[in-house]
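Have a look at the structure below before the remarks.
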Amino acid sequence: MADIKLNTVGKKCPMPVLMTKKELKKMSSGQTLELISDDRGALKDVPALINKTGDTIVETKEAGEQIIFTIKKA
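Residue numbers (our numbering): -18 to 55.
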């Protein structure tokens, strides 16, 4: 179970990435964030962000139109 859930359904890039970045800044090391998006661009944009921040994508899954990322704060 994620410590924090961030629902960006209905938001188009760059909003899901910007919202994720803002949320990650508030988190403590070891906490997990569940990001829910329906923007297909998030499939490449979120991993690019996480590559820059040094955090870890634990899981990426698709449920219908939604993409769900589980991200662990470094």
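Virtual Cβ for every residue (Gly too), placed ideally from N, Cα, C.
Note that this is a predicted model, so its numbers are computed, not measured.
Among the options, the one whose alpha carbon lies nearest that of residue i
i, options, result
"A(-17)", "K(-7), M(-4) and L16", "L16"
"P28", "L(-1), Q12, G45 and M8", "L(-1)"
"K(-7)", "E4, T41 and R21", "R21"
"K7", "I31, I(-15) and L30", "I(-15)"
"T1", "G(-9), I31 and S9", "I31"
"V39", "K33, L14 and E46", "L14"
"G(-9)", "Q47, K33, K3 and E4", "Q47"
Cβ-Cβ separation, residue j to residue i (assumed contact under 8 Å), whole Å
i, j, result
"D36", "A23", "Contact doesn't hold; Cβ gap of about 15 Å is too wide."
Counted within 10 angstroms of its Cβ, other Cβ atoms place residue i as buried (16 or more) or exposed
i, result
"S18", "buried"
Any non-hydrogen atom of the ligand ZN closer than 7 Å to residue i Cβ
i, result
"K6", "Judged by which ligands are present, the structure shown has none, so any question about the ligand ZN falls away."
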